[in-house]
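Enquirer: Residue numbers (this note's numbering), protein chains in the order written: chain A, 1 to 434; chain B, 1 to 518.
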Amino acid sequence: MGPLVRKLTLRAAAVFLLALPAQAAVPPDQAIRDWYRLVIELVRHTPTYSPPVASRAFAYVGVTAQEALATDPEGPLLSLAGQANGLGPGPARDPGAHDAGAVVNAALAVTVRAMFANTGPTGQRALDAMERRLTEAAEAALPPDVAARSAAHGRAVAAHVLAWAEGDGGAVVDNLGFPEAWRAPVEPSQWVPTSAIPLQQAPLLPEWGRNRPFAKPGSDCPLPPHPPYSEDPGSAFWAEAAEVHAVWRTLTPEQGAIAQFWADDAMLSPTPPGHWVSIALQILARDGADGARHAEVLALLGMAVADAFIACWDEKYDHDLLRPVTYIRRHIDPKFQSVLITPPFPEYPSGHSVQSGAAEAVLAHLFGDPFAFEDDTHADDGLPARTFASFREAAEEAGISRLYGGIHYRAAIENGLEQGRCIGGRFTQIRTRR
Amino acid sequence: MIRLALMLSAATAPAAAQTFAPQQAGLDDGTYAGGWQFMVGGGAAAFDCSGDGFPDLYIAGGAEPARMYVNESPSGGPLAFRRLPDAATDLNDVTGAYPLDVDGDGITDLAVLRVGENVLLRGLGDCRFERANEVWGFTGGDGWTTAFAAIWEAGQDWPTLATGDYVDRREEAFPWGSCTPNHLFRADGRGFAPPLDLLPSHCPLSIMFTDWNRDGTADLRMSNDREYYKGGQEQMWAIPPGQPPRLYTQEDGWRYLRLWGMGIASRDTTGDGLPEYFLTSMADNKFQTLADPAAGRPDFADIAFRSGVTAHRPHAGDEFRPSTAWHAQFEDVDNDGHADLWVAKGNVAQMPDFAILDPNNLLMQQADGTFAEASVAAGVASMRTARGGVLADFDLDGRVDILAVNRWEAPEIWHNTTEGAGNWVQFRPELPGANRDAIGAWIEVRTEAGVQPREVFVGAGHVSGHLGWWHFGLGPAERAEVRVIWPHGQAGDWQEVTAGKFYVLRPGAAPVGWTAPR
Chain A
1 MGPLVRKLTL RAAAVFLLAL PAQAAVPPDQ AIRDWYRLVI ELVRHTPTYS PPVASRAFAY
61 VGVTAQEALA TDPEGPLLSL AGQANGLGPG PARDPGAHDA GAVVNAALAV TVRAMFANTG
121 PTGQRALDAM ERRLTEAAEA ALPPDVAARS AAHGRAVAAH VLAWAEGDGG AVVDNLGFPE
181 AWRAPVEPSQ WVPTSAIPLQ QAPLLPEWGR NRPFAKPGSD CPLPPHPPYS EDPGSAFWAE
241 AAEVHAVWRT LTPEQGAIAQ FWADDAMLSP TPPGHWVSIA LQILARDGAD GARHAEVLAL
301 LGMAVADAFI ACWDEKYDHD LLRPVTYIRR HIDPKFQSVL ITPPFPEYPS GHSVQSGAAE
361 AVLAHLFGDP FAFEDDTHAD DGLPARTFAS FREAAEEAGI SRLYGGIHYR AAIENGLEQG
421 RCIGGRFTQI RTRR
Chain B
1 MIRLALMLSA ATAPAAAQTF APQQAGLDDG TYAGGWQFMV GGGAAAFDCS GDGFPDLYIA
61 GGAEPARMYV NESPSGGPLA FRRLPDAATD LNDVTGAYPL DVDGDGITDL AVLRVGENVL
121 LRGLGDCRFE RANEVWGFTG GDGWTTAFAA IWEAGQDWPT LATGDYVDRR EEAFPWGSCT
181 PNHLFRADGR GFAPPLDLLP SHCPLSIMFT DWNRDGTADL RMSNDREYYK GGQEQMWAIP
241 PGQPPRLYTQ EDGWRYLRLW GMGIASRDTT GDGLPEYFLT SMADNKFQTL ADPAAGRPDF
301 ADIAFRSGVT AHRPHAGDEF RPSTAWHAQF EDVDNDGHAD LWVAKGNVAQ MPDFAILDPN
361 NLLMQQADGT FAEASVAAGV ASMRTARGGV LADFDLDGRV DILAVNRWEA PEIWHNTTEG
421 AGNWVQFRPE LPGANRDAIG AWIEVRTEAG VQPREVFVGA GHVSGHLGWW HFGLGPAERA
481 EVRVIWPHGQ AGDWQEVTAG KFYVLRPGAA PVGWTAPR
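So, in structure tokens, the structure goes:
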């Protein structure tokens with residue numbers, strides 16, 4: 001399937017209901033796809049949705065889909081209760097027939113509304129429209145008792161997931177994630193603000209690393225230290241900064257395109273977690289996957305990437321390392337200008353890299369390795385699709401894109417990818433099917 | 001001799017603490033109402049439609065009818081307006097309006113922007129109007145229009161209009177990426193040719209024709225709302241006379257910038273004769289100046305942080321959440337010779353991550369070019385949900401007053417009561433025949449403190465515009481010199497004027513004094 005066909009498939013998802021035969025119920029894969037398309041938009045258009053916050057939402061939405069379908073005793077899926085950290089058994093289904101699409105639609109409607117309760121008027125209007133269309137389609141095709149029973153169960157599952165989510169430490173994001181004040185650096189190695197945006201004079205979400213992870217406590221995924229900070233031109237740290245500077249001076253069009261493709265800036269894109277979700281959705285659409293497959297892929301991917309952000313943010317504020325733009329301007333070239341917008345938080349490790357390593361591990365586990373695919377996530381923004389021979393190749397390109405963009409040193413990328421793969425590996429141990 | 005006299009008239013600047021008095025003024029009989037389709041908009045037009053020189057008002061009502069008010073204020077206040085009901089102007093679904101004299105008959109007309117068909121209203125005098133879409137060949141469309149600007153291109157005796165349209169309002173679940181085309185209406189005789197689509201279109205909430213490099217030809221700036229575009233950015237179109245519009249690119253020097261663009265204010269605040277641009281947004285307003293004026297490239301650097309005009313969160317009240325900024329306008333409210341900046345603030349609605357109680361800003365320009373917040377002390381720090389507005393001298397006392405249009409609440413108007421304000425002078429440029437109000441001209445006022453240039457434009461702000469007197473604060477100067485660089489580059493001579501007066505400026509003629517009739 002070429003990119004155009006795949007693009008059309010994705011675009012068609014949300015208008016599916018317009019062409020729905022009068023008596024057809026909404027299949028669960030379609031309900032999941034429709035809601036995810038909206039979630040990707042809401043992530044882009046809800047101001048608190050920086051990448052860590054987005055990763056959390058994707059995780060809980062994915063788990064909701066998994067749990068909504070896993071309560072079907074005759075279905076293929078297994079509940080994540082007892083496997084995901086702190087998630088207990090959810091509500092059982094009442095006696096009587098249920099419709100899988102109606103269950104998952106009702107469940108996702110509740111979870112998505114809760115996750116995006118703070119979205120703006122356009123997002124609220126879109127949420128209303130999506131829920132109305134999917135619910136009306138289900139009700140039109142199902143016996144009233146089945147529709148009502150299914151919707152009630154979906155809502156109960158969502159309530160269970162949301163109760164679990166409430167206590168994870170990430171539910172409240174104030175001031176778009178920026179603290180009111182921040183400590184002044186005392187060491188030259190420490191992060192300092194890199195933009196003239198007032199809000200960003202303090203770093204993003206310094207407490208995010210304390211959130212409850214989705215994986216149960218187990219083996220560590222240690223992050224090696226970065227080269228010791230030094231201002232000596234002969235040091236390894238200087239060499240890393242010099243590499244960023246050299247790449248900036250000799251940036252090729254292809255490197256520039258890679259930097260832009262993976263930039264995934266908050267509020268201007270689906271964010272990095274949304275980019276990997278978009279990749280998964282493209283593959284699922286291409287393969288004609290059913291609802292169960294959608295749910296398990298999105299649940300595992302969502303949790304792995306969310307844990308990657310928690311771990312990464314914990315490390316970032318532990319290392320508290322300055323960005324290349326700061327170091328290079330101080331010591332190498334005062335005119336250095338990063339190609340990408342330097343994110344407003346410490347450098348080490350690279351969030352793109354940790355989360356891409358985690359996504360790579362989970363997707364390779366689910367789809368195989370190598371697994372070739374094409375990624376047209378940014379078609380609407382005018383960026384051409386890119387092709388990859390494997391998830392590893394995509395993850396490594398996502399990682400190195402940050403060096404091309406002038407915002408990360410190599411160690412943050414290479415060590416971050418490895419840490420991410422380790423984190424993702426935790427989720428390959430989770431059983432999603434009976 | 002004049003220079004010497006100006007020097008002798010200079011003294012230390014008056015230390016005036018600007019004050020304003022809120023007034024009912026007869027404007028509290030309506031609101032900017034409505035739901036989602038009116039989350040943006042809420043503009044006003046200030047212009048003289050009664051012929052007495054005082055600025056009258058036309059205020060958008062959204063889901064309520066728009067309202068025309070005749071200014072009955074005496075000179076020196078208090079401010080007083082009388083509602084003038086008329087089916088021609090009491091239009092529904094109005095987002096904003098801009099005054100301009102389309103047909104050059106000396107009676108100001110009105111461009112009314114709407115959710116639905118835009119309407120050009122031909123002025124008839126005495127604040128009466130008639131629909132002119134058909135007679136002028138104007139295609140009003142059926143969009144969601146949120147921006148407007150006008151210019152008279154070189155060699156044309158009929159204006160070129162630009163409209164900026166927002167999202168496809170019929171898209172419910174996925175409106176993002178559905179920005180509808182902006183349009184350029186060029187002259188066709190004494191009417192308009194079918195509009196050109198200005199593509200790509202990125203949901204502007206403010207546009208203006210502006211001669212950013214003072215080369216005599218205005219380009220079209222667009223401040224776009226990144227909430228709704230995909231693949232978009234801030235834009236500027238070159239509009240060469242008789243040629244198709246051309247979008248400036250990064251190769252030209254135009255920087256890739258994306259923001260929730262909501263309003264544009266323009267004024268030279270650095271003293272180099274070139275305009276700076278204040279761009280309103282959410283949490284992060286921009287203030288742009290040419291990075292390298294000598295290079296002649298449209299490469300603008302952001303100086304908001306160093307200028308103290310980020311205005312990114314409420315300056316008063318208990319809220320810490322970031323601000324939402326809409327209309328912005330530079331005017332010298334204390335007449336100290338430094339243009340100040342007023343910014344209308346207000347939550348979009350249902351945006352809990354942004355301040356709900358979000359006071360408007362009055363940022364007073366200091367002698368060093370930085371700005372200091374003064375709206376609380378001045379009495380204009382309203383917590384209502386503002387959108388558009390106009391700063392104009394509504395009672396012609398030489399001090400600029402403030403109107404704010406609020407969503408779901410009545411407009412507010414503040415009478416400038418500043419004691420000890422500096423001196424002032426106001427001008428109305430006038431051309432014979434077409435382009436009567438000299439849109440595209442620059443008025444330059446010179447005192448010992450320097451030259452203050454003002455571009456004469458129709459556009460910018462947040463769906464709000466004014467036409468009429470162009471106000472200059474003079475500080476302690478009792479006299480000044482004025483000249484006009486008429487549209488497309490012909491400079492008039494410097495001519496002496498006296499502080500505290502109104503003048504009509506015509507090409508090749510001495511300034512003609514004007515006195516308010518009451």
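By construction, the Cβ of each residue, glycine as well, lies at the ideal position given by its N, Cα and C atoms.
1. On the criterion of 16 or more Cβ atoms from any shown chain inside 10 Å, does B/Tyr256 qualify as buried, or is it exposed?
2. In chain B, which residues lie less than 7 Å from A/Leu268 when you measure between Cβ atoms?
3. Write down every uninterrupted run of the beta strand (DSSP E) in the segment 250 to 307 of chain A whose length is 3 residues or greater and which is fully enclosed by it, in chain order.
4. Assign B/Thr160 to one of two classes, buried (16 or more other C-beta atoms within 10 Å of its C-beta) or exposed (fewer than that).
5. Drop a sphere of 10 angstroms on the beta-carbon of A/Gly416, count the other beta-carbons inside from all chains shown, and report buried for 16 or more, exposed for fewer.
6. For A/Thr377 and A/Ile40, I'd like the C-alpha separation in whole angstroms.
7. Measuring only the C-alpha atoms, how far is B/Trp144 from A/Phe58?
8. May I ask you to report which of helix, strand or coil DSSP gives A/Phe427?
9. Strictly under 8 Å for the Cβ-Cβ distance: is A/His45 near chain B by that measure?
10. Got a sec, what are the start and stop residues for the beta strand (DSSP E) A/Arg433 sits in?
11. For B/Phe320, return the contacting residues in chain A, with the cut-off set at a CB-CB distance below 7 Å.
12. Taking just the CA atoms, how far does B/Pro245 sit from A/Ala22?
13. For A/Arg323, which of A/Ser219, A/Thr119, A/Trp164, A/Ala241 has the nearest alpha-carbon?
14. Cβ atoms of B/Pro65 and B/Gly379: under 8 Å apart, would you say?
15. Measuring CA to CA, which of A/Glu254, A/Ala92, A/Leu176, A/Pro91 is closest to A/Pro384?
16. Taking the CB atoms as reference points, tell me whether A/Ile197 and B/Asp284 lie closer together than 8 Å.
17. I believe A/Gly302 touches A/Val63 by the beta-carbon criterion, under 8 Å. Please report the beta-carbon distance rounded to the nearest angstrom.
18. Counting only the same chain and skipping the five closest in sequence on each side, list residues whose C-beta sits under 6 Å from that of A/Asp220.
19. Under a three-way DSSP split, which group does A/Met130 fall into?
20. Tell me whether the beta-carbon of B/Gly519 lies closer than 8 Å to the beta-carbon of B/His183.
21. For B/Phe174, would you say it is in contact with chain A, using Cβ-to-Cβ distances shorter than 8 Å as the test?
22. Residues in its own chain within less than 7 Å of B/Ala339 by CB, not counting five upstream and five downstream?
23. Tell me where the beta strand (DSSP E) around B/Asp109 begins and ends.
24. Could you check how far apart the C-beta atoms of B/Glu481 and B/Arg454 are, in whole angstroms? I think they sit under 8 Å.
25. Report yes or no: is there a C-beta of chain B within less than 8 Å of the C-beta of A/Asn118?
26. B/Pro230 versus chain A: which residues are under 7 Å apart at the beta carbon?
27. Residues bridged to B/Thr385 by DSSP?
28. Can you find a C-beta in chain A that's less than 8 Å from the C-beta of B/Thr385?
29. Could you compute how far the alpha carbon of B/Tyr503 sits from the alpha carbon of B/Trp442?
30. In chain B, which residues lie with their C-beta within 9 Å of the C-beta of A/Gln124?
31. Assuming contact is defined by CB atoms lying nearer than 8 Å, are A/Leu204 and A/Phe345 in contact in what I supplied?
32. At what residues does the beta strand (DSSP E) containing B/Ala238 begin and finish?
33. At what residue ranges does the segment 261 to 341 of chain B contain a whole run of the beta strand (DSSP E), taking only runs of 3 or more?
34. Note the first and the last residue of the continuous alpha helix (DSSP H) segment covering B/Val400.
35. Would you kindly report the start and end of the unbroken beta strand (DSSP E) that includes B/His415?
Expert: Considering the structure as presented:
1. Counting the other Cβ atoms within 10 Å of the Cβ of B/Tyr256 gives fewer than 16, which makes it exposed.
2. Arg226, Arg258
3. DSSP runs (the beta strand (DSSP E)) wholly in the segment 250 to 307 of chain A: none.
4. buried
5. Around the beta carbon of A/Gly416, 16 or more other beta carbons sit within 10 angstroms, so the residue counts as buried.
6. 11 Å
7. 33 Å
8. Correct three-state label for A/Phe427: helix.
9. Yes - at least one Cβ of chain B is within 8 Å of the one on A/His45.
10. Counting along the chain, A/Arg433 sits inside no beta strand (DSSP E), nor does DSSP assign it H or E at all.
11. Asn175, Glu180
12. With a pLDDT of 40 at A/Ala22, under the threshold of 50, the modelled position of that residue is not reliable, and the figure given next carries that caveat. Straight-line Cα distance between these residues: approximately 49 Å.
13. A/Ala241
14. No; because the gap between Cβ atoms is not below 8 Å, this pair is not in contact.
15. It is A/Glu254 whose Cα lies nearest to the Cα of A/Pro384.
16. A/Ile197 places its beta carbon less than 8 Å from that of B/Asp284.
17. 7 Å
18. none
19. If DSSP states are grouped into helix, strand and coil, A/Met130 belongs with the helices.
20. This structure gives no information on residue 519 of chain B, because the portion of chain B shown stretches from 1 to 518.
21. Answer yes: the Cβ-Cβ gap between B/Phe174 and chain A drops below 8 Å somewhere.
22. Arg267, Thr269, Phe330, Glu331, Asp332, Gln365
23. Run containing B/Asp109: 109 to 116, per the beta strand (DSSP E) assignment.
24. Not really, about 14 Å apart at Cβ, beyond 8 Å.
25. yes
26. Looking at the sequence provided, one finds Lys at residue 230 of chain B rather than Pro. Those within 7 Å of B/Lys230 in chain A are Asp380, Asp381.
27. Paired residues: none, contrary to the question.
28. Cβ-Cβ to chain A under 8 Å: no for B/Thr385.
29. 15 Å
30. Trp36, Gln350
31. Cβ atoms of A/Leu204 and A/Phe345: closer than 8 Å.
32. 235 to 238
33. Along the length of the segment 261 to 341 of chain B, whole beta strand (DSSP E) runs at least 3 residues long occupy 263 to 267, 276 to 280, 286 to 290, 300 to 302, 325 to 331, reported in chain order.
34. Counting along the chain, B/Val400 falls outside any alpha helix (DSSP H), and DSSP gives it neither H nor E.
35. 412 to 416
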